[in-house]
Every structure is written in C-alpha cells, then in structure tokens.
Amino acid sequence: MIHISNIFLALILLSVLLSLRSNRLMALVKLMAFQGIIVSAVPLVLDTAHGLTFNLIMFFLLLILVKGLVIPGMMSIAVNKVVASREIEPIIGYHASLFAGLIMIIFSVYITNHLNLASLPASHKLLLVTGITTMGAGLILLMARRKAITQVIGYLMMENGIYLIGTALAKEVHTQYVVEFAVLLDLLVAVLVMGIVLNDINHTFDDVDTALLGQLKD
Amino acid sequence: MLQLVFYIPLIVGIAVFFLPAKAGRLALFSTAVIHAVFTALEWFKISGPLHTKYFSNSPEGMLVLGILSFLFLFISLYTVFYMDEVEMSKEPVFNGSMLLFLAAMSMVAIADHIIMLWVAVEATTLMSAPLIFVHRSKESLEATWKYVLICSVGIALALLGCFFVIFSMEMSNVHVPITFSSLTTVASQLDPIWLKAGFIFIVIGFGTKMGLAPMHTWLPDAHSEAPSPASALLSGALLNCAFLAVYRCHQLMYAAGLGEYSSNVLIAFGLASMLVSAVFILNQTDYKRMLAYSSIENMGIIAVGIGIGGLAAFGAMLHMIHHSLVKSSLFLSAGNILLGYGTKAIDKTGGMLRLIPKTGVTFFAGFAGISGFPPFGLFVSELLIILGAIKAGRYVAIGIFIFSLILIFAGASKLVMKMVFSEKENDDVLVPEKWTRALPPIILLLTSLALVIWLPDSIYQTIQNAISSIGGTVNG
C-alpha cells in the first residue's frame, strides 16, 4: 500500500531536485512555496499522527500560510525589484549541483540505515532520508550560488530539512505550540530582515550578486 | 517576576520605532535603568520566575544577565550623548533595535527550555542586524549580510543539535520536560551517542555566534562596521549569551558522564580561536577590527578555561565578567576615537594623549587590561586558568595558550603604542572630547578594577554555584 505520506515525501524530493536545476529566481520562489506547503503538511499525514485536535489543525494551517504564502510572497516582491532575475554564473554549475543532490539522496539513505534507529517507525526513516537530503541540498544552494536571493532560498530549504528531521526524531516538540510558534516567528522575522538587507544591497549595488560584497577582508 | 526583564524592553523597543528621536533616547536610558532594577530584584532572589515551564533563574544565567544589565546601563548612557554628535538618518530604528536586542539577550539569559534558548539566540541575531547596517554604506551592508546569513545557518545547525538531544531522551524512553533543569536530573539515562552528536552540532551552531574559530568570519566585519555603542554591546554582552548556550549544554554533557568529551571539544575550539586571532591581529590596519579579533581570542580563553574545569572554570567565569567590562569600555573609547579622527585606520590616528587625552588614557588603560596586566581582572582570571591547567596536567594546551597570549600581546601592543603615542602631522580633531562620552568607559574600567580588589560575596557565590555543576571549584 502506498501511504499518502510517501507521496508527500516524493514531492519534496522532486522540488529539491528541481530547485537545484532551476536558474530563474521566480521559479525558485514558486518551488519554495510548493515545498513549504508540503513540508508543513507532512506531520498531518504521518501514520503516527493521532489525536488531531482543533488547536493542532489551526496551528498547521498557520504554518502552511506562513511557509507557503507569506514568506514566498516577500521573496517574490524582492525578486520583482531585481533587474537581473537569472543566476548567470553559478559557482557550481547546474548539472554538477543536480548530481550532488542525487548523491546527497544516496548518502542520506546510507546514514539513515547505519544509525541505530530501531525505535523509529519505518515511515519516519523515509522522513529522515528526505529531511537530510533537503538540508544538504539547501547547503549546496547556499554555497553554490552567487545571488543573495538564492542564498536566502538555500537557507529556507535547509530550515525545511531541519524541520523534517525534527518531525522524524523529536515527536515531543510538535505538542508544544508556544515553542513551535516561536520558531516560526523567528523564521518569519529572519526572512523579513534578510529581505530588507537584500533590498538595500539591490539599491546600493544595482544587483544582488554577492560577488560584489568583497570589500571587507584581512 | 523574571520574564519582565525581556517583556519591558520588548514593548518599549517596539514603541520607540514610532517615537521621535529625542524621546527614543530618553526611553532607551530609562528602560536601561528599569532593566537594572528588575535584574537586581532577581539577583537578590526578591522575585522569581512566574512560569517555570520555559524560563528559570539559573546561576550562570543570572551572571550573564547581571553583566548584560550593567553594561547596557552605561552603554545606553553613552549612546544618548553619542547621538548628539553623529548624523543618523534612522535614529529611532537604532534606538528601538538596541532595546529589542536587549530583550532578546535577556531572554537567552533566563531561557531554560532547550528550543526556547535556540529561539532567543536566533532572535539576538535578527534584532542586532539593523544595528550593524544603520549607516547603509557598502561595507556595512556586506557586514550585515555575512552576519545574518552565517549566524542564521550556524544557528540552524544548533537547532538540529537540539533535536538530537531531544531524540536522545526519546531513544531511552525518558519523558521529562525538555528543559535544561529537568534534563540534567535524568542525564545519566540519556542515549550517549545522540547526546554527543547533538553537542557537536550545538557547539558548531552556537559557537558560530560566540566567535569560535573557524566559524568566526562574520565577527570582525560586524564589530568593525557597527556603530561603536552597538559594537560594545555585541562584544560585551552578545558573545556571553552565545557562550551561555554552549555552557548549558556542556553542563548537560557533564551530568551525563560525557564531560571529558565535551571538555576536549571546547578546548580544541578555544585554542583554535586563540591561534587564529593571534595570526590575524598582527597586521591589522583597523583598530576596531583589532578589538574584534581580541574578542575572538578572549572567547577562546573562556572556552579553554571551561574545558579544563576545576580552578580554571572559576577563572573562565571571572574572565567573562572582566572581558565584558574592559572590552565594552574599549569599544566605547574606539567610538570616541572615531568621532575625533573620523577614520578607523590606525595609520591616520596618533598623538591621542595630546589631542584627546581622556580617551587616550582610557584606551591605553583598557588595552593594558585586555592584555592581562595587573591590576586589571583579566590578569587574575588568566592566571587562574593557567594554574588550573597545570593542576589538571594539560601541559600542551597551556603551552599553546601562553604562546598565543604572547603573540597577541606583541601584535596588539605595537598597534596601540602607535595610536596613543606616535606623532601626527596635523592637529585636527573633528569632534572634541566631552566628559559625558569619556565617563562611561572610565566607569566600566573602574568597575573591573573594583571587582579585583573586592569581589562581592553574592557574585562569588553565584560563580561557585554556576561552576559546581561541571565540577569546578575554587579550592580544587
């Protein structure tokens, strides 16, 4: 039987691979919105999910709203202000990044199998694989791209990955709304602050290429 | 109640964004006074935490909170007069962010829940980012971008570490609240492998914020580009908060019987930081960057001291107090120098004793203090760390420790001598000195001196309580 959570995990992996291949900033933002919605919905469809209270559902709706709508909305405003909306010369090419992403999947399957995780249900192991891959791909995006916007998207992807790993490992966290809400608020403010700095970088340098940021050295 | 120390600055800080600049300055200073009062109430146990689910008044947290509140009082006083001299287009943003930054740091100091601590540390990054790019120059934009991105990614790794720690609890079927105070009571039952993995991620994550090498790259840029009051706060208070986060996890490791492992990790990172700052301080051309590298060095010293434990742990805690006082005094003096000469380049300064004598004296005295000369407190704390290391038989570590101290002293003294004593061709001083801006750094230095002569019993007791959980003693 194919469980619905497996479909969700496959969709997340697909969005990860697509984002490693994509060179248009707007397409990246749309992919992030899609990924944000799926990632926030994963805890709801896990077979270990039980006792869906009203509060829980409201919280996940909020999560989907923030990760799928508010944050991508802010990012697309930033993209619209940028003149060059393509990544011209990535530090690591698209094919190489895609290949690295595929290797990342194999690597995360390998480590998940070699961890002593007897107490975890099988579906959580797949979740862990997806989480590690998403986090790793986020790090690749962060390091391999020059545009500041792509770096923010890399950070968000990494955060999504860590959220998935947290869902797989630490079930206890998802029962404490205050804490989760605070983490979400932090993420939102982080994107807001990064957006403001991005905007200023765009104003000052007429581009968001981080290669232009090289004044401070020792 | 305990939580007021971050609720009050949070609310006032948001209000200040909408107030005119002059009113904002008044609000800044009066909030600092109120914060100090509430911290004193907590310190003397007159009031306690309201809900103990997320917050608690641990001794090490109280120590950090005390330092923070004391520093903020004088830094805000300095800021009020500093603002008279500088053109700042968005002053309400600066003042408001200072208060929000204070709120976030106070939250770190009192957080007990492991994820709440993470939330608070991440909040310090976000609230201090506007302080760095307030001038909106190309350099400050670059510094802010590096700061926000490197620290956010680092702290995201710390969140992963927190999840591992929580998982180590679920692996062994222990169910307690995820707070440090309850986790330490069941520490011996936690799964050691996941705890170790969690600790590594937490040290890398919060160590990024603390400025431990090789994750320190944001620190010199941010400290040199921020306006001087903000640099003083970053160096004197923020680094302590990040250290507190690492320290609390170290306590957990010690309670779980993995103290030796976490100690070695801390010593390795500490020594690496000291060596890196020793290498980079030698050819500095910018005096604020020089001070920033010295902060990396001192955070390294604290990590080494805590790692060695015993008497050295006491030394490390003393070092944290005195470093905060002396370093923020130095950054405030650097602000006066920047106002006087209009440049951060060491080559373009000179003759400070003749041109700006008050600042010249405080800067030189601060330098003597930070290099560990008696009668300043860093002499005592470094001596205690060295003695503790010899007792513990860590000869290699202490060899590298002393070697880096000598290198840093040699490198920095050359630069400071040039600034204070060398001759300058033209005698122009852009903004003349005033007592109002010279006094806060003097008071901070004198406090460091006073604490060497007489360490109040309550501080002594608090340090002892804080280090007893990692086996640190004064008599050991």
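Protein sequences, first through last, are from chains R and Z. Going letter by letter, the first sequence gives residues 23 to 240 in the numbering used here. Going letter by letter, the second sequence gives residues 958 to 1433 in the numbering used here. Don't be surprised by glycine CBs; every beta carbon is placed ideally from N, CA and C.
{"Asked": "Cβ of residue 158/R within 9 Å of any chain Z Cβ", "Found": "no"}
{"Asked": "Minimum Cβ-Cβ distance from residue 152/R to chain Z less than 9 Å", "Found": "no"}
{"Asked": "Minimum Cβ-Cβ distance from residue 180/R to chain Z less than 9 Å", "Found": "yes"}
{"Asked": "Proximity to residue 121/R [Cα-Cα], best of 26/R, 232/R, 38/R", "Found": "38/R"}
{"Asked": "Residue-level contact to chain R via CB, residue 1173/Z, 9 Å cutoff", "Found": "no"}
{"Asked": "Meets three-Cβ-pair contact criterion under 8 Å: the segment 959–970 of chain Z and the segment 1055–1062 of chain Z", "Found": "yes"}
{"Asked": "Identity of the residue in 966/Z, 1001/Z, 1402/Z, 997/Z nearest residue 984/Z by Cα", "Found": "966/Z"}
{"Asked": "Within 9 Å, strictly: CB atoms of residue 1206/Z and residue 1066/Z", "Found": "no"}
{"Asked": "Proximity of residue 1189/Z and residue 1298/Z at Cβ, strictly below 9 Å", "Found": "no"}
{"Asked": "Segment contact flag, the segment 1206–1220 of chain Z with the segment 1336–1356 of chain Z, C-beta cutoff 8 Å, min 3 pairs", "Found": "no"}
{"Asked": "Short Cβ contact (9 Å threshold) for residue 180/R with residue 152/R", "Found": "no"}
{"Asked": "Where the alpha helix (DSSP H) containing residue 1434/Z begins and where it ends", "Found": "For chain Z, the structure presents residues 958 to 1433; residue 1434/Z sits outside this window and is missing."}
{"Asked": "The segment 1225–1245 of chain Z: positions lying closer than 9 Å to chain R by Cβ", "Found": "1237, 1240, 1241"}
{"Asked": "Residue 1406/Z vs residue 1032/Z beta-carbon contact at 9 Å", "Found": "no"}
{"Asked": "Nearest-angstrom beta carbon gap, residue 229/R and residue 105/R [assumed within contact, 8 Å]", "Found": "7 Å"}
{"Asked": "Per DSSP, cross-strand counterpart(s) of residue 1136/Z", "Found": "1070/Z"}
{"Asked": "CB-CB length for residue 50/R against residue 175/R, believed under 8 Å", "Found": "5 Å"}
{"Asked": "Minimum C-alpha distance to residue 220/R - residue among 87/R, 30/R, 98/R", "Found": "98/R"}
{"Asked": "Where residue 155/R meets chain Z, residues with beta-carbon distance less than 7 Å", "Found": "By Cβ distance, chain Z contributes nothing, its closest Cβ being about 14 Å from residue 155/R, past 7 Å."}
{"Asked": "Buried versus exposed, by CB contacts within 10 Å (16 or more), residue 1304/Z", "Found": "exposed"}
{"Asked": "Per-residue contacts from residue 173/R into chain Z (C-beta, under 8 Å)", "Found": "1106"}
{"Asked": "The segment 1093–1109 of chain Z / the segment 1173–1181 of chain Z touching (three or more Cβ pairs under 8 Å)", "Found": "yes"}
{"Asked": "Residue 1192/Z beta carbon less than 9 Å from that of residue 1282/Z", "Found": "no"}
{"Asked": "Closest by C-alpha distance to residue 1269/Z, when choosing among 1076/Z, 1038/Z, 1427/Z", "Found": "1427/Z"}
{"Asked": "CB-CB length for residue 211/R against residue 1083/Z, believed under 8 Å", "Found": "5 Å"}
{"Asked": "Helix, strand or coil at residue 1246/Z [DSSP, three-state]", "Found": "helix"}
{"Asked": "Cβ neighbour criterion (16 or more within 10 Å) applied to residue 1348/Z", "Found": "exposed"}
{"Asked": "Residue 1302/Z, DSSP secondary structure in three states", "Found": "strand"}
{"Asked": "Same chain, Cβ closer than 8 Å to residue 63/R, five either side skipped, listed in chain order", "Found": "30, 82, 86"}
{"Asked": "Residues within the segment 117–147 of chain R neighbouring chain Z, beta-carbon criterion of under 8 Å", "Found": "138, 141"}
{"Asked": "Endpoints, the alpha helix (DSSP H) within which residue 43/R is located", "Found": "26–43"}
{"Asked": "is_contact[residue 105/R, chain Z] using C-beta, thresh 9 Å", "Found": "no"}
{"Asked": "Buried/exposed call for residue 43/R, threshold 16 Cβ in 10 Å", "Found": "exposed"}
{"Asked": "8 Å CB neighbourhood of residue 96/R in its chain, flanking five on each side removed", "Found": "213, 214, 217"}
{"Asked": "Among 45/R, 164/R, 94/R, 130/R, the one whose alpha carbon lies nearest that of residue 110/R", "Found": "45/R"}
{"Asked": "Candidates 1379/Z, 1311/Z, 1415/Z, 1320/Z: closest to residue 1402/Z by CA position", "Found": "1320/Z"}
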